[in-house]
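Numbering (full-length UniProt numbering), first residue to last: 1 to 328.
Backbone N, C-alpha and C fix where the C-beta goes; we use that ideal spot for every residue, glycine too.
Note that the structure is a prediction, hence the values are computed from the model and not measured.
What follows is a single structure, written as structure tokens, with notes after it.
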């Protein structure tokens, strides 16, 4: 059964860690996101706008098939008929398209380390967005984490010899995307379908123009064409696995998995793509890891205190209701 039909399961917070379906789905989702640089590197020679256009089209088709099979097109029609929802999803689609374009361009230009840094700082960008737009307050430990992250970005600027535009852009775009999706009451899969539906006219127009100028030669390589088609199932599959996991795991558990993808990006950049990493850049990454460690520890401690006061032991319903509106 797919995410839209799953029943929320109540887990005891003191239960031992079990490698069950939820954990496997989370590993699958974040592992897939972590492998994206390898997939896009296999498309060497295909420019980033073309890859994004194919990703939009094939994601639309794949998610459409899933929604049809799962009987969830009613959610799509409801979103399309609601003016506010459609406006917000259009904005989120624009942010997502920009995120995809910069990500793929960064892979093509040997900047996967900057991609890694961007997704490592994304949780802290989410904190900043919460402070700016939701009036959320941070305690001294959270402020310490934020300050360390800011200093780390300064160190990274020194190490690169330039401001890490790619890292900051990816973090801001994905943070803004998550914020917008959090305000729209549409499921992950229907939401992605509407987003790709909004992007589809531009994507199809771009592909038509490039096809008219290059002809069938551009698609003569069956291997690369296969990889282009796979961008759709990979994108949607990771989303569906994440949604599946979100309904079975606590939000704090999901939060600890979010570092898998940028860690894989980091390892891929250093050990497979042989991107240069000087001591100053490494120092900035270490500072970010320390910052995330402080913030994660404080968040876990705060949730434990809150659960103890409320007498809650492992109730995942509230967590799942929050996560199901967001694509991470």
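Practice task
Just the C-alpha distance for residue 55 and residue 90, rounded to the nearest angstrom, thanks.
Solution key: Taking the first residue of the chain shown as 1, we reach residue 55 at position 55. Taking the first residue of the chain shown as 1, we reach residue 90 at position 90. Taking the straight line from one Cα to the other gives about 17 Å.
Problem - Alpha carbon of residue 103 to alpha carbon of residue 57, nearest angstrom - result: Reading the chain shown from its first residue, position 103 is the one you call residue 103. Reading the chain shown from its first residue, position 57 is the one you call residue 57. One alpha carbon belongs to residue 103, the other to residue 57, and they sit about 18 Å apart.
Problem - Classification of residue 160 by the beta-carbon crowding that lies within 10 angstroms, buried from 16 upward - result: To locate residue 160, count along the chain shown from 1; it is residue 160. Residue environment: residue 160 is assigned as buried (16 or more neighbouring CB atoms within 10 Å of its CB, all protein chains considered).
Handout entry: C-alpha gap between residue 48 and residue 134, whole angstroms
Key = For the purposes of this step, residue 48 is taken as residue 48 along the chain shown, with counting starting at 1. For the purposes of this step, residue 134 is taken as residue 134 along the chain shown, with counting starting at 1. Cα-Cα distance, rounded: 34 Å.
Handout entry: Three-state secondary structure (DSSP) of residue 137
Key = Along the chain shown, one-based indexing puts residue 137 at 137. In the structure shown, residue 137 sits in coil (DSSP, three-state: anything other than H, G, I, E or B).
Practice task
Compute the Euclidean distance between the alpha carbons of residue 139 and residue 131, then round it to the nearest angstrom.
Solution key: The residue labelled residue 139 in the question sits at position 139 within the chain shown. The residue labelled residue 131 in the question sits at position 131 within the chain shown. Rounded to whole angstroms, residue 139 to residue 131 spans 12 Å at the Cα level.
Practice task
Tell me where the alpha helix (DSSP H) around residue 50 begins and ends.
Solution key: Within the chain shown, numbered from 1, the residue matching residue 50 stands at position 50. 48 to 70 is the span of the alpha helix (DSSP H), which, as asked, contains residue 50.
Handout entry: Cβ neighbours of residue 195 in the same chain (closer than 7 Å, five flanking residues each side left out)
Key = Walking along the chain shown from the start, residue 195 turns up at place 195. Close CB contacts of residue 195 within its chain, under the 7 Å cut and outside five residues either way in sequence, are with 89, 92, 93 and 96 (chain order).
Handout entry: Status (buried if at least 16 other CB within 10 Å, exposed otherwise) for residue 264
Key = On the chain shown, position 264 is the one that residue 264 refers to. Result: buried.
Exercise for the section: Using alpha carbons as the reference points, say which of 301, 299, 295 and 300 lies closest to residue 148. Expected result: The residue labelled residue 148 in the question sits at position 148 within the chain shown. 295 is the residue among 301, 299, 295 and 300 whose C-alpha sits nearest the C-alpha of residue 148.
Problem - residue 164 classed as buried or exposed, judged by whether at least 16 other C-beta atoms fall within 10 angstroms - result: Taking the first residue of the chain shown as position 1, residue 164 is located at position 164. So residue 164 ends up on the buried side.
Practice task
Compute the Euclidean distance between the alpha carbons of residue 224 and residue 136, then round it to the nearest angstrom.
Solution key: Translated into positions along the chain shown, residue 224 becomes position 224. Translated into positions along the chain shown, residue 136 becomes position 136. One alpha carbon belongs to residue 224, the other to residue 136, and they sit about 46 Å apart.
Handout entry: Alpha-carbon to alpha-carbon, residue 304 and residue 256
Key = The residue labelled residue 256 in the question sits at position 256 within the chain shown. The residue labelled residue 304 in the question sits at position 304 within the chain shown. One C-alpha to the other measures close to 15 Å.
Exercise for the section: Can you give me the Cβ contacts of residue 121 inside the same chain, cut-off strictly under 7 Å, excluding the 5 residues immediately before and after it? Expected result: Indexing the chain shown from 1 puts residue 121 at position 121. Result list for residue 121: 149, 167, 171 and 288, in chain order.
Practice task
Determine the closest residue to residue 64 out of 207, 277, 200 and 211, with distance taken between C-alpha atoms.
Solution key: The count along the chain shown starts at 1 and reaches residue 64 at position 64. Considering only alpha carbons, the answer is 200.
Problem - contact_flag[the region 173 to 182, the region 24 to 36] where n(CB pairs < 8 Å) is 3 or more - result: Cβ pair count under 8 Å is below three, so no.
Exercise for the section: Count the CB pairs spanning the region 105 to 117 and the region 228 to 238 that are closer than 8 Å, and state whether there are at least three. Expected result: Touching, no, given that fewer than three Cβ pairs across the two stretches are closer than 8 Å.
Problem - Cβ-based burial, residue 87 [other Cβ within 10 Å; buried from 16] - result: The sequence position of residue 87 within the chain shown is 87, counting from 1. Per the 10 Å Cβ criterion, exposed.
Problem - Span separating the alpha-carbon of residue 299 from that of residue 123 - result: Within the chain shown, numbered from 1, the residue matching residue 299 stands at position 299. Within the chain shown, numbered from 1, the residue matching residue 123 stands at position 123. Distance between the alpha carbons of residue 299 and residue 123 is about 12 Å.
Exercise for the section: Determine the DSSP secondary structure at residue 162, reduced to helix, strand or coil. Expected result: Here the question's residue 162 lines up with position 162 in the chain shown. Coil.
Problem - Straight-line gap, residue 239 to residue 117 (C-alpha atoms, nearest Å) - result: Working through the chain shown from its first residue, we reach residue 239 at position 239. Working through the chain shown from its first residue, we reach residue 117 at position 117. Between residue 239 and residue 117, the C-alpha separation is close to 22 Å.
Handout entry: DSSP three-state assignment for residue 295, whether helix, strand or coil
Key = Residue numbering aside, residue 295 sits at position 295 when the chain shown is read from its first letter. Helix.
Practice task
Could you tell me if residue 193 is buried or exposed, where buried requires 16 or more neighbouring beta carbons within 10 angstroms of its beta carbon?
Solution key: One-based indexing of the chain shown puts residue 193 at position 193. By the Cβ-count criterion, residue 193 is buried, with 16 or more other Cβ atoms from all chains shown falling within 10 Å of its own Cβ.
Problem - N- and C-terminal bounds of the alpha helix (DSSP H) containing residue 88 - result: Along the chain shown, read from residue 1 onward, the residue named residue 88 stands at position 88. 83 to 108 is the span of the alpha helix (DSSP H), which, as asked, contains residue 88.
Handout entry: Limits of the alpha helix (DSSP H) - the one that residue 45 falls within
Key = Working through the chain shown from its first residue, we reach residue 45 at position 45. First-last for residue 45: undefined, no H or E at that position.
Handout entry: Three-state secondary structure (DSSP) of residue 157
Key = Position 157 of the chain shown holds residue 157. Note: residue 157 maps to helix in three-state DSSP.
Handout entry: Local conformation of residue 231 per DSSP, three classes
Key = Working through the chain shown from its first residue, we reach residue 231 at position 231. Helix, per DSSP.
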